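In our numbering, the protein residues as written are 73 to 321.
Here a beta-carbon is modelled for each residue, glycine too, at the ideal position from N, C-alpha and C.
Because the structure is a prediction, the values reported are computed rather than measured.
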Ligand code: 13P
């Protein structure tokens, strides 16, 4: 286990309801204190209520996406400035579901990360290969290309981001990467970050995401370059999410 403080982030994706969220947040907040940093990323409409529910706790919140633009005629988009106004500490950018279903390019993801940082919101930049890419031996090339666009665009600010390695084949499938598979990619990513940011890379948080559950979290989080998790399905049940946070603490 490394000495960086771990971070566990719940990505609720398009799940939730006002009543269900209140119960979930109650369950998480009631289980404090955690020995790690904890955040939840609900859908946009619930951010205000999440902020109220978590006020006075050390649990943070964030969003699942933001626009690359500051403001303007971009129907349906939400700016980083708006997220900042609602107290978002984080915003997930470049999730594989957005890359796949919304055609987001590496450059667009990089521009979103830049827009977030400009508003003081920490982008959680997701990278990850598909099953076909892994089987073709392209994992390293794919994740390095995805991260390179962000490093290039952010330049000296690249050290300010959180990176999440989420192999697409492990998301929502119950098929998690082995700790060794995940660690191997995290080590690559940290080396790439070190080349760009120097020793800052040793303080950066690199999260793993993809079928993290209470029963596999501890072993994943024990790897040298894994600094926590980005949790999908298991973040929707307080008991599971809390157990994962405990595994990180
Ligand atoms: P699951 O934990 O449901 O596999 O989702 C992972 C993910 O995509 C988090 O962003």
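Where the alpha helix (DSSP H) containing residue 187 begins and where it ends: Taken as a continuous stretch (DSSP letters only), the alpha helix (DSSP H) holding residue 187 covers 178-190.
Identified DSSP bridge partners for residue 194: DSSP lists 162 as partners of residue 194.
Neighbourhood of residue 303 by C-beta distance below 8 Å, restricted to the same chain and skipping five residues each side: Excluding five sequence positions before and after residue 303, the CB atoms of its chain that fall closer than 8 Å to its own CB belong to 80, 81, 82, 83, 281, 284, 313 and 316, given in chain order.
Residue 238 CB to nearest heavy atom of ligand 1 below 7 Å: Look at residue 238: its beta carbon is less than 7 Å from one of the heavy atoms in ligand 1.
Buried versus exposed call for residue 264 [16 or more other C-beta atoms within 10 Å across all chains shown]: Here residue 264 is buried. Its C-beta has 16 or more other C-beta atoms within 10 Å.
Three-state class that DSSP yields for residue 229 in the structure shown: DSSP places residue 229 in helix when its eight states are reduced to three.
Residue 254: CB within 7 Å of a non-hydrogen atom of ligand 1: No, since every heavy atom of ligand 1 falls outside the 7 Å radius drawn around the Cβ of residue 254.
Supposed contact pair residue 229 and residue 162 - C-beta distance, whole angstroms, cut 8 Å: The Cβ separation is near 15 Å, so there is no contact.
Residue 113 - partner residues in DSSP beta bridges: Residue pairing for residue 113: DSSP places it in a beta bridge opposite 83.
Assigned exposure category for residue 186 - 16 Cβ within 10 Å defines buried: The residue is buried, with at least 16 neighbouring Cβ atoms inside 10 Å.
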